[in-house]
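One line per chain: the protein sequences are A and B, in this order. If you count the first sequence from 1, position 77 lands on 77 in the numbering used here, and the numbers rise without skipping. Numbers given in the numbering used here equal positions in the second sequence, counted from 1, plus 310. Report on one structure; see the data block that follows.
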Amino acid sequence: MAKLKDLVMEPEHLSPGHRLCPGCGVPAFMRLALHMAGKNNVVVCGATGCLEVSSTIFPYTAWNCSFIHNAFENAAATMSGVETAYRALSKRGKVKAPYKFLAFGGDGGTYDIGLQSLSGAMERGHNMVYVCYDNEAYQNTGNQRSSSTPMGSNTTTTPVGKNSYGRKGFRKDLTGILIAHHIPYVAQATVDNWKDMMRKFERAFEVEGPAFINVLAPCVPGWKYDEKLTIEISRLAAKTCFWPAFEVDNGKWKLNYKPKEKLPVEEFLKPQGRFRHLFRPENRHVIDMLQAEVDERWADIVARCETSPS
Amino acid sequence: MPELLALTGNDAVAYAMKQINPDVVAAYPITPQTSLMQKFADYVADGEVDTELVLVESEHSAMSATLGSQAAGARSMTATSACGLALMWEILGITSAYRLPVVMPVVNRALSGPINIQGDHSDTMGARDCGWIQIFSENAQEAYENTLQAIRIAEHPDVLTPIMVTLDGFIISHGLETVKVYDDAPVKKFLRDYQARYTLLDPSKPLTLGALDFSDYYFEHKVSQLQGMLKSPQVILDVGKEFYKTFDGDCCYGFYEAHEMKDAEMAVIVLGSTAGATRMVVDDLRSRGVAAGMIKIRSYRPFPYDEIARELANVKAVAVLDRSIAYGADGGPVHGDVRAALYGKHPVPVMSNYIYGLGGKPIDMEHIMGVFDDLKESIVKGHPKRRVGYINLKEGNTPSLVG
Ligand SMILES: Cc1ncc(C[n+]2csc(CCOP(=O)(O)OP(=O)(O)O)c2C)c(N)n1
C-alpha cells in the first residue's frame, strides 16, 4: 500500500476551498479514499447532501476529477449508468483511458431514500465503490432524524421534550443489508483510523464488482461538539464498539480493530450535545438500552469474524 | 430495398432501436411498454445489437441510469408508460436541464388512479413541462420513423434536448400493422455517429455536471436551456425533410398534418392514433360535399402556435380532441394550446373541446361524426354547442354527452 507521505504529494481529486464546515470528517477521508484509485481516472457521483452542495456551488467546483450530481435518491443508479457507458464505450473503442467509479451519499441518501437505487446497483454488479458518509441524520437540511440516527439522539424531528427523550428505536443495520447482497466487498470504517481507511478503499477499488463502505462521519453542528474533537469522537466510536471497524471480503469476515479495553458507550455520548439529556437520571434506561444494543451487535460481529472460514 | 413487415407498434419501435444500436439501454417493465423492451432484449440476446442493457429496479433508476450514461457520452435510451413516466418525473427535468439528448419512446397509458392499463395521454401530458420535446405518432410506421428522426433532432448541437416519442398504448403498441422498414446501411448513415461535446469520460477535460445554482445563476441557466427548445422547430423540419428525401417515406414529417384543410369550414384537431378514424370521417364528409378538415399534431412540444393559427384562419368552427383532462383548466391541455394560438387573430373560429378515450374508452367514427354534427350546429348558432364535451361516457355520468 502507498505511504501517506507519498500520497500527499499526489494531485488531489477533491481540492480545498469547498464550503464544508470546519471540523467536518467527510472531506478528510474522501480525499484519502480517492487517492486509492491510484493511476486510474475517477468519476465521482454524489447524492444531494452536505458534501455535494458544499463542493459544487456554481461557478465553482472542488472536484478535479469528473463529478456528477443527479438527485438525492439515485447516486447509485446514476453511477450504474456512467459505469455501463464506460463499458459500452470501451467495448466500441471510443474510450481508452482506465476509469474507476465512486458514488457517495449521506445516511439519508443511502439508508433511506436511496436504498432501493443502491440495492439495485449492487445486485446488478456494477464495478463501483459506493461510500456512505454516515453523519447519523439529514444534516444538510438541519439535523432531521434518519434511519441511521442512534436511539436517544436529539434531532430537529425527534426533539427532546416533556414526553420525548429523542429518537426512539434503534438504527437500521445498513452494513448488514449490504452484506446480504453478497457483493465482493463490504466494510465499515471510522475517520480516525486513516491507515485502515486507506487499505479499505484500496481494496474496494481493486475488487471486480461492487464495493460498499460505511464510514461514520462525525458532524460538528448536528452532533454538537467542539470542532477540534472530530477525530477524538470517531476514536471513541471505535473504542466503545459503537461503530465496529470490520470488513467482509468475498464472504470472509474480518475484524479490523479490537479495543484493548472496550469502553462504555457513555464515553462516546458524553462529548456530544445531541446526547446531553441522556445523562439526566430519568433517561438512564436509554443509555442502558443503547449499551445493550451496542454489546449485542459487537458480539455478533466478533462471533462472525471468529467463525468465518479463512 | 425497404421491406414490408407485419409488426406491432412496440415491435416497430424495437426495430428502430435495433437499427440505432444504442450504446446503453435501461429497461424496466410496465404495460403496455413491456413487449417493446422484451423485443429489444431478444436483439441483445441474439447478438443483433451490442448495446449494454441495464435491467434496473425501477423507472426512477431507469431514467437516472440513462442520464448517467448519456452524461458519460453514450447514446442512451429507455422506454416507459404511465406510472413509470410519473416515477421518472423528477429526473425528466434534470435530464433536460443537463442538455442530454436522450430519446425515450413512451407508450401512452392512463395514469393511476384508478389503476388502468389502457391508452390515454394523461402520462405524457403530465410530463409536458419537463423540458422534453414530445412527438406523437399516429401508427406503427410513424412510431418507427419518429424514433429514428428523434435521435437526429435531439443530438443536433442547436437542440441538445431530450425527446419523448409517443405511441398510443395497445391501439398502436399492440396492433399489428404492415410497417415499411428501411435498410440498415442508409439508416445508419442517416443516424450518424454520436460524439458528445462534453462527457464525464474525457481524461483531458474533467467535468462537473449538476452543480448547485443559487438565484445568481439558476434563472439564467433555465433560459439558456429554453434555447434548445426554441431552436428545435427548424431542426425538426430539416430532419423530417432529410428523412423524407432519403427514404421516400409517406408519413407526417412536419409539425402537423393538415388533411383537407385548404377550404375547410370546420376542423377537428387531434393527436395520435385517433387521427386515423378522424381522417376517414373527414373523407366521408368530403365525399358528401361537406367542407370538413383535420389537423393532426405531430410536434406537441414545441407546439406550432403560428402554423396552427394560420391553418385555422378561414375555419368557422373547430373542435379539439383531448385524450386527457387538465383539472381546473378550460378543457384539456391541447385545447388550451389551440386557444392560445388563436389569441389576437381575427376572425376566430367557434371553439369547442371534447375529452375522449380516457383509460382506453373506445372512440369510433360515429363519435367523431357526432363532433362534426356539433360543429355544424355551432356554425349556425355562432357559438359552441358544447364548450367541453365528453365522448362516449355512459348516460348519467356527466352533464353533457356526445355520441
Ligand atoms: C427527493 C428529495 N427529497 C428531499 C430532498 C431534500 N434534501 C436535500 S439534502 C437532504 C438531506 C440529506 O441528508 P443525508 O443524505 O443524510 O446527507 P447530509 O446532508 O447529512 O450530508 C434532504 C432531505 C431532496 N433534495 N430530494
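Even glycine gets a Cβ: it sits at the ideal position worked out from N, Cα and C.
{"query": "Alpha carbons only, please: which of A:GLU202, A:VAL82 and A:ALA217 is nearest the one belonging to LYS39 (chain A)?", "result": "A:GLU202"}
{"query": "Under three-state DSSP, which class holds VAL712 (chain B)?", "result": "Because VAL712 (chain B) sits at a pLDDT of 48, beneath the cut-off of 50, its placement in the model cannot be relied upon, and the point is left open."}
{"query": "Any chance the CB of ILE113 (chain A) is under 8 Å from a heavy atom of ligand 1?", "result": "yes"}
{"query": "According to the neighbour-count rule (16 or more other Cβ atoms, all chains shown, within 10 Å of its Cβ), is ARG409 (chain B) buried or exposed?", "result": "buried"}
{"query": "Is LYS695 (chain B) close to chain A, meaning its C-beta is less than 9 Å from at least one C-beta of that chain?", "result": "no"}
{"query": "What residue range does the alpha helix (DSSP H) around PRO415 (chain B) cover?", "result": "That residue, PRO415 (chain B), is in no alpha helix (DSSP H); its beta strand (DSSP E) goes 413-418."}
{"query": "Under 5 Å, CB to any heavy atom of ligand 1. Which residues pass, going along the chain?", "result": "A:THR48, A:GLY49, A:CYS50, A:PHE72, A:GLY106, A:ASP107, A:GLY108, A:GLY109, A:ASN135, A:TYR138, A:GLN139, A:ASN140 and A:THR141"}
{"query": "Measure how close the beta-carbons of TYR99 (chain A) and LEU174 (chain A) come, nearest whole angstrom, since I'm counting them as under 8 Å.", "result": "About 27 Å; that fails the 8 Å criterion."}
{"query": "What would DSSP say about TRP298 (chain A), mapped onto helix, strand or coil?", "result": "helix"}
{"query": "Under a three-way DSSP split, which group does VAL497 (chain B) fall into?", "result": "helix"}
{"query": "Using only CA atoms, which one of B:VAL658, B:GLN505, B:GLY423 and B:MET347 lies nearest to ARG92 (chain A)?", "result": "B:GLN505"}
{"query": "Apart from the five residues on each side of it in sequence, which residues of its chain come closer than 8 Å, Cβ to Cβ, to VAL712 (chain B)?", "result": "Only weak support exists for where VAL712 (chain B) lies, its pLDDT of 48 falling under 50; the value from the coordinates is given anyway. TYR664, HIS677, GLY680, VAL681, ASP684, ARG696, GLY699, TYR700, ILE701 and ASN702."}
{"query": "Under 8 Å by Cβ, that's how I've got PHE101 (chain A) and ASN127 (chain A) pegged, so tell me the actual separation to the nearest angstrom.", "result": "7 Å"}
{"query": "When you compare the CB of LEU315 (chain B) with every CB in chain A, is at least one pair closer than 9 Å?", "result": "no"}
{"query": "DSSP three-state call for ALA211 (chain A): helix, strand or coil?", "result": "strand"}
{"query": "With 9 Å set as the bound, which would you pick, yes or no: does the beta-carbon of LEU377 (chain B) sit closer than that to a beta-carbon of chain A?", "result": "yes"}
{"query": "Is LYS200 (chain A) helix, strand or coil when you go by DSSP?", "result": "helix"}
{"query": "So which of B:LYS704, B:LYS686, B:GLY670 and B:SER483 has the shortest CA-CA distance to GLN428 (chain B)?", "result": "B:GLY670"}
{"query": "Is it the case that the Cβ atoms of LEU631 (chain B) and VAL578 (chain B) are separated by a distance below 9 Å?", "result": "yes"}
{"query": "Do ARG274 (chain A) and SER153 (chain A) come within 9 Å of each other at the CB atom, strictly closer than that value?", "result": "yes"}
{"query": "Quick check on DSSP: helix, strand or coil for SER66 (chain A)?", "result": "strand"}
{"query": "Can you name the residues of chain A whose CB is closer than 7 Å to the CB of LEU522 (chain B)?", "result": "VAL53, THR56, ILE57 and PHE58"}
{"query": "Taking GLY383 (chain B) as the query, report the chain A residues whose CB atoms sit under 8 Å from its CB, ordered along the chain.", "result": "ALA85, LEU89, LYS94 and VAL95"}
{"query": "Can at least three beta-carbon pairs, one atom from the region 506-516 of chain B and one from the region 444-456 of chain B, be found at a separation below 8 Å?", "result": "no"}
{"query": "For GLY641 (chain B), which residues from the same chain have a beta carbon less than 6 Å from its beta carbon, with the 5 sequence-adjacent residues on both sides left out?", "result": "ASN663 and VAL698"}
{"query": "Check whether the region 432-439 of chain B and the region 510-527 of chain B are in contact - that is, three or more C-beta pairs closer than 8 Å.", "result": "no"}
{"query": "Name the residues in the region 510-521 of chain B whose C-beta lies less than 7 Å from a C-beta of chain E; which are they?", "result": "Of the protein chains in the structure, A and B, none is chain E."}
{"query": "What's the call for LYS328 (chain B), buried or exposed, on a 16-neighbour Cβ count within 10 Å?", "result": "buried"}
{"query": "Are any of the Cβ atoms in chain A nearer than 9 Å to that of ALA351 (chain B)?", "result": "no"}
{"query": "Which two residues bound the contiguous alpha helix (DSSP H) that contains VAL359 (chain B)?", "result": "No alpha helix (DSSP H) contains VAL359 (chain B), which DSSP labels as neither H nor E."}
{"query": "Does DSSP classify LYS671 (chain B) as helix, strand or coil?", "result": "coil"}
{"query": "Following the continuous beta strand (DSSP E) through LEU255 (chain A), name the residue where it begins and the one where it ends.", "result": "252-255"}
{"query": "Take MET675 (chain B) as the anchor and find which of B:ARG589, B:LYS704, B:VAL648 and B:LEU668 has the nearest alpha-carbon.", "result": "B:ARG589"}
{"query": "Residues in the same chain with beta-carbon distance under 8 Å from HIS370 (chain B), minus the five sequence neighbours each way, listed in chain order, please.", "result": "LEU397, MET398, GLU400 and ILE401"}
{"query": "Across the region 360-369 of chain B and the region 113-129 of chain A, are there enough close Cβ pairs to call them in contact, namely three or more that are closer than 8 Å?", "result": "yes"}
{"query": "DSSP three-state label for ILE481 (chain B), please.", "result": "coil"}
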